[in-house]
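Scroll down for the structure; my scribbles are underneath it.
Protein chains in written order, with the numbering used here: chain A, 1 to 78; chain B, 79 to 250.
Here's what the structure looks like:
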């Protein structure tokens, strides 16, 4: 079955923030770290880095940046 | 520009590099030319020099690898992540890895090896990603003509903040 577009977007956001903005990886997180507010804050951090509107939401512009080819080194932290 | 957290840097300014695994998509001569030119971008703007070596213990080791290649930072197949490099240090420190699943070129199609290598070597020297979209250290790939490429001011400021200016600056 094809994966719904919204589910794919969620996957893109999760993977991107885990790789480049130190969002704790799934399966290793505590319940508290799993809260949507953590993802919103990480999204805002990413949007601030790229000069996007800090909506904290995976809007079209944010997803477009996340889908661009890039370096594998994180944008924040070591 | 931004420096890598902890401000890691090489203590010596004469650094060595070794290409330990070539890509199958370009001739070895093309790879060596692109890598040499990528290092020159940084040596022209700083006190650093880079020498190619065949010795095991090079400061910066370069390899084209794919998927999970044993450094806990697996590549993801075509597109997405193109390459990564480690901050200055012993062992894996300074090493640069390029995703062999990408299409590497010497021109404007797909991913130009010189441009990606120059970016990665910035990490090898202690620079982090810049928020300046025109900077070489901006995280996303953007093609620029390698034949006329000059290091953007943001990156010059960054490398000189770590290692000081070039001993032989190029006159404008």
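For glycine and all other residues, C-beta sits at the position ideal for the given N, C-alpha and C.
Going by the beta-carbon positions, is the gap between residue i and residue j smaller than 8 Å?
{"i": "residue 217/B", "j": "residue 167/B", "result": "no"}
{"i": "residue 233/B", "j": "residue 79/B", "result": "yes"}
{"i": "residue 102/B", "j": "residue 109/B", "result": "no"}
{"i": "residue 204/B", "j": "residue 125/B", "result": "no"}
{"i": "residue 191/B", "j": "residue 141/B", "result": "no"}
{"i": "residue 237/B", "j": "residue 72/A", "result": "no"}
{"i": "residue 107/B", "j": "residue 195/B", "result": "no"}
{"i": "residue 213/B", "j": "residue 81/B", "result": "no"}
{"i": "residue 23/A", "j": "residue 38/A", "result": "yes"}
{"i": "residue 21/A", "j": "residue 58/A", "result": "no"}
{"i": "residue 123/B", "j": "residue 244/B", "result": "yes"}
{"i": "residue 12/A", "j": "residue 67/A", "result": "yes"}
{"i": "residue 54/A", "j": "residue 76/A", "result": "no"}
{"i": "residue 179/B", "j": "residue 231/B", "result": "no"}
{"i": "residue 227/B", "j": "residue 189/B", "result": "no"}
{"i": "residue 63/A", "j": "residue 9/A", "result": "yes"}
For residue i, which residues does DSSP report across the bridge?
{"i": "residue 23/A", "result": "For residue 23/A, which the question treats as bridged, DSSP gives no partner whatsoever."}
{"i": "residue 96/B", "result": "139/B"}
{"i": "residue 68/A", "result": "Residue 68/A is not bridged to any residue."}
{"i": "residue 234/B", "result": "Paired residues: none, contrary to the question."}
{"i": "residue 182/B", "result": "189/B"}
{"i": "residue 176/B", "result": "142/B and 161/B"}
{"i": "residue 218/B", "result": "70/A"}
{"i": "residue 81/B", "result": "205/B"}
Among the options, which has the Cα closest to the Cα of residue i?
{"i": "residue 198/B", "options": "244/B, 238/B and 177/B", "result": "177/B"}
{"i": "residue 186/B", "options": "225/B, 179/B, 174/B and 202/B", "result": "225/B"}
{"i": "residue 6/A", "options": "73/A, 23/A and 60/A", "result": "60/A"}
{"i": "residue 121/B", "options": "92/B, 144/B and 99/B", "result": "92/B"}
{"i": "residue 42/A", "options": "69/A, 16/A and 9/A", "result": "16/A"}
{"i": "residue 137/B", "options": "97/B, 143/B and 155/B", "result": "97/B"}
{"i": "residue 183/B", "options": "221/B, 149/B, 228/B and 147/B", "result": "221/B"}
{"i": "residue 69/A", "options": "245/B, 153/B and 88/B", "result": "153/B"}
{"i": "residue 131/B", "options": "118/B, 150/B, 94/B and 155/B", "result": "94/B"}
{"i": "residue 148/B", "options": "175/B, 181/B and 104/B", "result": "175/B"}
{"i": "residue 173/B", "options": "151/B, 202/B, 143/B and 180/B", "result": "202/B"}
{"i": "residue 50/A", "options": "215/B, 229/B and 228/B", "result": "215/B"}
{"i": "residue 162/B", "options": "155/B, 227/B and 151/B", "result": "151/B"}
{"i": "residue 170/B", "options": "189/B, 139/B, 227/B and 188/B", "result": "139/B"}
{"i": "residue 155/B", "options": "119/B, 181/B, 164/B and 135/B", "result": "181/B"}
Open item on the list: Under 9 Å, CB to CB, which of the residues in the region 50-74 of chain A have a partner in chain B?
Closed with: For the region 50-74 of chain A, the set of residues with a beta-carbon nearer than 9 Å to any beta-carbon of chain B comprises 50, 51, 65, 67, 68, 69, 70, 71, 72, 73 and 74, in chain order.
TODO: For the region 127-161 of chain B, enumerate the residues whose C-beta is nearer than 8 Å to any C-beta of chain A, in chain order.
DONE: Of all residues in the region 127-161 of chain B, 151, 153, 157, 158, 159, 160 and 161 have a Cβ within less than 8 Å of some Cβ in chain A.
Task: beta strand (DSSP E) runs contained entirely in the region 99-170 of chain B, provided each spans 3 or more residues - done: Qualifying beta strand (DSSP E) stretches, in chain order: 127-130, 138-143 and 159-163.
Open item on the list: Tell me which residues of the region 202-221 of chain B have at least one Cβ-Cβ distance to chain A shorter than 7 Å, keeping chain order.
Closed with: Here the close residues are 207, 209, 217, 218 and 219.
TODO: Could you name the residues of the region 158-189 of chain B whose beta carbon sits closer than 9 Å to any beta carbon of chain A, in the order they occur along the chain?
DONE: If the cut-off is 9 Å between Cβ atoms, the region 158-189 of chain B has 158, 159, 160, 161, 162, 163, 164, 165, 175, 177, 180 and 189 near chain A.
TODO: Taking only beta carbons into account, state which residues of the region 79-102 of chain B come closer than 7 Å to chain A, listed in chain order.
DONE: Sequence-ordered contacts of the region 79-102 of chain B with chain A read 83 [C-beta pairs closer than 7 Å].
- [ ] Identify each residue in the region 104-115 of chain B for which the Cβ-Cβ distance to at least one residue of chain A is less than 9 Å, and report them in chain order.
- [x] If the cut-off is 9 Å between Cβ atoms, the region 104-115 of chain B has nothing near chain A.
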